Every structure is written in C-alpha cells, then in structure tokens.
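In my numbering, the protein residues as written are 8 to 578.
We put the CB at the ideal spot given by N, CA and C, even for glycine.
All values derive from a computational prediction rather than experimental measurement.
Take a look at the structure set out below.
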Amino acid sequence: MSLSAARQRRATAASPPTDDGYAKDAKDMRRRAGGDKDEGIKWFLPFLALGLLRHMSASSNLIHDCDEVFNYWEPLHFLLYRSGFQTWEYSSDFALRSYLYLFIHALVAGPASLIFGEHKVRVFYSVRIFLGLISTMTETVLVVSLSRRYGKRLACYVLAMLCLSSGCFFASTSFLPSSFSMYAVTLSSALFLLEKYAAAVSVAAAGVILGWPFSILVFLPITVYSLIRGPFGRVFVSGFLTSLCLLVLSFLADYHCYGRLTFSVFNLLKYNVLGGGESHLYGTEGPSFYFRNGFNNFNFAFILALLFLGVVPFARKKYAPDLLIVVSPVYIWLAFMSLQAHKEERFLYPIYPLICVAAAAVIDSFPDFFHDKYSSDQSIFEKIAKGLRPLILGFILCASHSRTFSMLNGYGAPLQIYQHLEYHEDSGPGSTLCVGSEWHRYPSSFFIPSYISEVRWIDDGFRGLLPFPFNETLGGTTAAPLYFNDKNKASEEQYLKDIGACNLLVELDLRRPYPSRGNDLKTWEALAALPFLDRELSPALYRSFFIPYRWQQNNVFGLYKLLRRLHADQE
C-alpha cells in the first residue's frame with residue numbers, strides 16, 4: 008500500500024459525517040457570498056396558482072363586514088355615480104376615513120364605469136379583480152423570496168396555504184384598509200428576505216398610511232431590523248420620503264373632499280387612541296375571540312403558527328434570526344389586539360400571510376425534532392416525521408377548503424339575491440327598495456339597477472345609527488349633516504315611516520315563531536328565494552366546515568327573499 012493511499016484513507020475515515028443541516032447552512036453561506044446562486048422557484052408557477060385562486064375569490068367572495076360596504080364601496084359609488092350611502096365617519100365634522108385610499112381604487116373603477124355603463128355590478132367585480140391582482144403579485148414575491156432563502160419545499164408549503172387557506176381566500180379580495188395593509192406586510196416581508204431593506208421600509212410606510220395606521224405594530228420588527236442592517240441613511244431617507252409624500256397626498260385628498268383643513272390619519276388615531284371615541288359602542292368580545300377566529304380561518308395551521316417559537320431552538324440555524332423577524336408580528340399583533348375591547352375578524356387580516364409562513368416552517372421542521380447531528384443515519388422517527396409533512400399539510404388544506412365551501416354556500420345568498428334585481432325592471436321606474444334587519448348584508452349600490460330610485464331602511468328594532476344617502480344639497484362629501492353622531496345613537500330620520508311606499512323588499516326568513524312580511528301572500532310575491540344558513544340553530548362543527556353528506560342534513564336553513572308588492576288588482 009502506498010503512503011499516499013494510506014493518508015487518503017485516514018483522512019476519509021477521520022472526516023466528520025455529512026449532516027443535512029450543516030450542508031444547508033454551508034450552502035446558504037455560499038449563496039450569500041455569491042458562490043452558489045440558487046434561483047429557487049420561478050415566478051410563473053406561484054403567479055399562475057395564486058392568480059387562479061384570487062380570481063375565484065374575486066368572483067365568489069362574500070362581503071364579510073358591513074364596514075366594507077358603507078365605508079368603502081358606498082363612498083366609491085358616490086365618487087363614480089354621485090349616489091350612495093354615507094356613514095358618520097365620512098361627515099366632515101369627523102373625517103375619519105381617507106379619500107386617498109378610495110382614489111387608488113377609483114383608478115380602476117373609473118375606467119370600468121365608462122366601459123360597462125349601467126352594468127354597475129361589473130364595475131364592482133372589476134375592482135375585486137384588481138384587488139386579487141395586487142394580492143397575487145405580493146404573495147408571488149413572498150413565495151419566491153422564501154424559496155431563495157429557505158428552499159423550494161418551504162416555499163411550496165407556503166404557496167399551498169396562501170392558495171387554499173380560508174383566511175387568505177376571503178381577505179385577499181376584500182375592499183378594506185386591513186387587506187391593503189396585508190398586501191404591504193406580504194411585500195415588505197418578501198423584500199426584507201431579499202435584503203432590499205430600503206424598499207421594505209418604503210412599502211411598510213405605504214401600508215401604514217394608505218392602509219391602516221394601526222398596522223404600524225405589524226411593520227415594526229422589519230422596519231427596525233432594516234434600519235440596523237441596511238445603510239441606515241439610505242433606508243431612513245427612503246422610508247421618510249415615502250411617508251412624507253403619502254401624508255401630503257392624503258392631506259390634499261382630504262382637503263379636496265371634506266372641504267376643510269383636516270387630516271383623516273390623525274383623526275382616526277385620535278378617535279381610537281387618544282380617548283376621543285368609543286369604539287366599544289360597536290360591540291365587544293372576550294380575549295379568546297381572535298384565537299377562535301384564527302382556528303376557523305386556518306384550522307390547525309393556526310395552532311402550528313403559534314408553536315413557531317417552540318420550533319426555533321431546534322431549527323435555529325435555518326430560521327433565526329430572519330424568519331423569526333418576519334413571523335414575530337403574529338405574536339405582537341395577537342397580543343395587542345386581544346387586549347382591545349372592540350374586536351372584529353378583519354383586524355387580523357394584516358398577519359394572515361405570516362400565519363401561513365409560520366405554520367409552513369413548523370411543518371417543514373418536523374424532522375429536526377428527531378435529528379441527531381452526530382449521526383449520518385436517519386432515525387426511524389426522523390423518517391416518519393418526513394412522511395408526516397405532506398399528510399399534515401394535506402389535512403390542513405382539505406379542512407380549509409371545507410371551511411371556504413361552507414361559507415360560500417351557506418352565506419352567499421345576499422349577493423345573488425340583489426343580482427336578481429336587474430331582471431325585474433317591470434316593477435317600474437322610480438321604485439323604492441326597502442331593507443329591514445338585513446341592512447348589514449346590503450352589498451352596496453353597485454347592485455342597485457337604475458329603475459330603483461332609492462333604497463330605504465325600515466324599522467325592525469335596530470337602535471344604532473344607520474348610514475344616510477350622501478346629500479348633494481348639503482355639499483356631498485363636504486357635508487356635515489346634523490343627523491350624524493359618534494355615539495352610535497339612532498336618528499329619527501333614518502327609517503322610512505310609511506312601509507306602504509316600498510315596492511320591493513329584501514328580508515331573511517329564518518322560520519321563527521314570529522311572522523315575516525313575506526308570509527303575507529296577499530301583499531307580497533316572492534321574486535327570488537335562496538337558502539341561507541341559520542347560524543343559531545345549526546351545530547358549530549357542521550356550519551363551520553363542510554362535511555360531505557352531513558352539511559345539508561345537519562344544518563338548518565332559512566330563506567333569503569326578494570319580494571315585490573302586489574298591485575291592488577292582484578290582491
């Protein structure tokens with residue numbers, strides 16, 4: 008045996024065993040140094056998958072919150088058609104809502120209204136498709152950035168959850184500032200992972216000012232670490248100039264629409280933070296509210312996301328500190344929002360994509376719990392953990408689809424019923440459409456055909472303040488009507504006194520012991536009726552998730568009706 012061969016054999020025997028974890032770390036170090044460039048997932052696949060799912064969301068999504076209608080769709084409708092409902096937040100006395108946010112969407116809605124003319128429903132869905140496109144682009148960048156930093160497997164897990172989780176499906180095409188902040192959180196996180204720190208901070212500033220000012224807490228970790236890591240001066244100037252430009256534009260938009268010197272961003276913060284308002288008047292919930300909603304929208308992925316901090320010690324080399332910085336807003340935001348008395352599901356929208364990232368990272372790390380770094384052989388438990396990853400992900404995705412299917416089929420009747428109005432022009436021009444207790448499911452004036460002259464509320468027992476039509480006589484957007492207040496006290500003028508003036512009526516018949524107006528067949532005829540899930544009488548499991556052969560049998564349904572008053576000669 009030659010001396011060189013012996014030396015080579017001893018060197019081989021003395022070399023440490025190969026470790027996947029260390030190999031990945033070395034590969035990551037080479038990638039950072041530019042020696043081994045990994046392009047990760049290409050742009051086309053996530054863009055195509057997310058685009059298809061976001062188009063489905065745009066065309067089938069519900070309206071989950073009446074604030075979306077009355078604080079965003081209705082003012083947008085007024086800007087386009089000079090008619091629509093106004094809430095007290097848009098009174099120039101209070102000026103809590105930014106018109107700049109509406110103007111961004113008007114860039115799409117305006118041309119669409121010229122193209123489609125009187126077909127206002129198409130304008131509505133054009134805006135939704137625009138929202139879906141923004142969501143698709145930001146989430147695509149996030150998936151690509153994750154694949155370049157942490158590998159294709161983690162990126163594919165995140166892509167699957169973004170596509171099929173109920174929370175992201177519904178939030179992605181909602182016309183809400185919290186959804187806009189969600190887009191910004193997604194893009195800012197992706198830019199941070201791509202080490203484009205100045206751009207990440209600029210996007211964060213846009214998410215706070217154009218979207219939701221309170222989401223500043225969600226952007227805080229990435230902003231701080233971007234300032235530390237990037238050239239401080241460049242990152243700071245980028246964020247400062249972006250903020251300054253957007254604040255000036257917001258101020259000018261508010262001045263133009265409200266007709267006076269006011270600043271909606273400051274007004275909103277003052278109302279909610281500085282003691283100027285009483286948001287608890289609009290409902291309060293217990294500290295478990297967001298955890299229950301998180302499970303409904305993400306099922307077991309939400310639980311896994313909360314366990315991310317427990318995984319970090321086992322996968323420290325992979326995920327700390329960058330992915331920990333990206334995911335940390337989940338904990339910050341949940342803790343902060345749970346302390347607030349007034350809670351709404353949409354308040355969690357900004358962290359929805361981060362929940363997907365955290366849950367995917369936990370699933371990807373299952374084998375790390377059983378990995379022995381001193382052994383080159385995989386234990387049986389490590390092999391089982393690897394096999395469980397796709398099974399658990401598949402279960403989560405199936406449960407998410409089940410939730411989405413249940414929501415769309417159980418509560419989709421209002422949008423469909425209002426679309427039936429365009430087929431009943433024989434009701435005559437100047438018709439009045441009345442809505443009672445179902446005012447909070449009114450889908451917006453985009454669904455009201457031109458032959459209906461007005462939509463009126465009728466008194467069904469609600470004692471809070473309802474929206475009023477924008478009053479052009481008082482100045483439209485500059486008006487400060489006396490019937491508005493910030494105490495949620497009903498106005499004497501908000502209800503139609505003479506129900507006999509109603510030509511058309513929308514109501515929900517839940518088949519309770521008390522009578523509904525639609526049961527008076529001598530006065531009303533049903534033009535359309537669709538099943539609507541009765542939440543109170545249906546079991547929680549079956550109403551929350553679609554279970555084949557059980558969903559229809561175990562749930563209780565009412566009827567969502569469009570009624571027309573019979574003429575005297577028909578009675």
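{"Item": "Whole runs of the alpha helix (DSSP H) within the region 358-428, excluding any shorter than 4 residues", "Value": "359-371, 387-418, 420-426"}
{"Item": "Cut-off 7 Å between Cβ atoms - residues of its own chain near F110, not counting five sequence neighbours on either side", "Value": "A260"}
{"Item": "CA-to-CA distance, E75 to W4, given in whole angstroms", "Value": "Limits of the chain in this structure are 8 at one end and 578 at the other, which puts residue 4 out of reach."}
{"Item": "D493 to E479 span [Cα, whole Å]", "Value": "22 Å"}
{"Item": "Helix, strand or coil at F137 [DSSP, three-state]", "Value": "helix"}
{"Item": "Distance, F373 Cα to Y425 Cα", "Value": "48 Å"}
{"Item": "Beta bridge counterpart(s) of E514 as assigned by DSSP", "Value": "K568"}
{"Item": "Buried versus exposed, by CB contacts within 10 Å (16 or more), A40", "Value": "Residue placement at A40 cannot be trusted, given a pLDDT of 39 that sits under 50; what the coordinates show is reported in the next sentence. It counts as exposed."}
{"Item": "Any non-hydrogen atom of the ligand SAM closer than 7 Å to E46 Cβ", "Value": "In the structure shown, the ligand SAM is absent, as is every other ligand, since no ligand is present at all."}
{"Item": "Closest Cα partner of I465 within the set D527, L395, A508, L52", "Value": "A508"}
{"Item": "Inter-stretch contact at 8 Å, needing at least 3 Cβ pairs: the region 343-356 / the region 177-192", "Value": "yes"}
{"Item": "Segment contact, 8 Å Cβ cut-off, at least three pairs: the region 382-401 with the region 192-203", "Value": "no"}
{"Item": "Top-ranked residue by Cα proximity to I370, from S345, Y88, L276, I310", "Value": "I310"}
{"Item": "Reduced DSSP category for L194 - H, G, I as helix; E, B as strand; rest coil", "Value": "helix"}
{"Item": "At least 3 beta-carbon pairs within less than 8 Å: the region 287-303 vs the region 234-254", "Value": "no"}
{"Item": "Rounded C-alpha distance that separates F85 from F477", "Value": "8 Å"}
{"Item": "Beta-carbon gap between A191 and A213 smaller than 8 Å", "Value": "yes"}
{"Item": "Beta-ladder partner(s) of G438, from DSSP", "Value": "Contrary to the premise, residue 438 reads as Ser rather than Gly in this sequence. DSSP output for S438 lists I459 as bridge partner(s)."}
{"Item": "Where Y549 falls, given that 16 or more other Cβ within 10 Å makes a residue buried", "Value": "buried"}
{"Item": "Separation of Y326 from L201, as counted between CA atoms", "Value": "14 Å"}
{"Item": "Buried/exposed call for R267, threshold 16 Cβ in 10 Å", "Value": "exposed"}
{"Item": "Contact set for L60: own chain, Cβ-Cβ below 6 Å, skip 5 residues either direction", "Value": "C170"}
{"Item": "In DSSP terms, what L540 is bridged to", "Value": "F564"}
{"Item": "Span separating the alpha-carbon of N78 from that of S173", "Value": "24 Å"}
{"Item": "As assigned by DSSP and simplified to three states, the class of W558", "Value": "helix"}
{"Item": "For Y521, the three-state DSSP class (helix, strand or coil)", "Value": "coil"}
{"Item": "Sequence-distant residues of the same chain with beta carbon closer than 8 Å to W531, five excluded per side", "Value": "L512, R524, G525, L570, R571, R572, L573"}
{"Item": "Which residues DSSP lists as bridging E532, in chain order", "Value": "R571"}
{"Item": "Cβ-based neighbour list, F4, same chain, cut-off 8 Å, excluding 5 preceding and 5 following", "Value": "Here the chain has residues from 8 to 578 only, and residue 4 is not among them."}
{"Item": "Spatial distance of P228 from V333 (CA atoms)", "Value": "7 Å"}
{"Item": "Terminal residues of the alpha helix (DSSP H) in which S67 lies", "Value": "51-67"}
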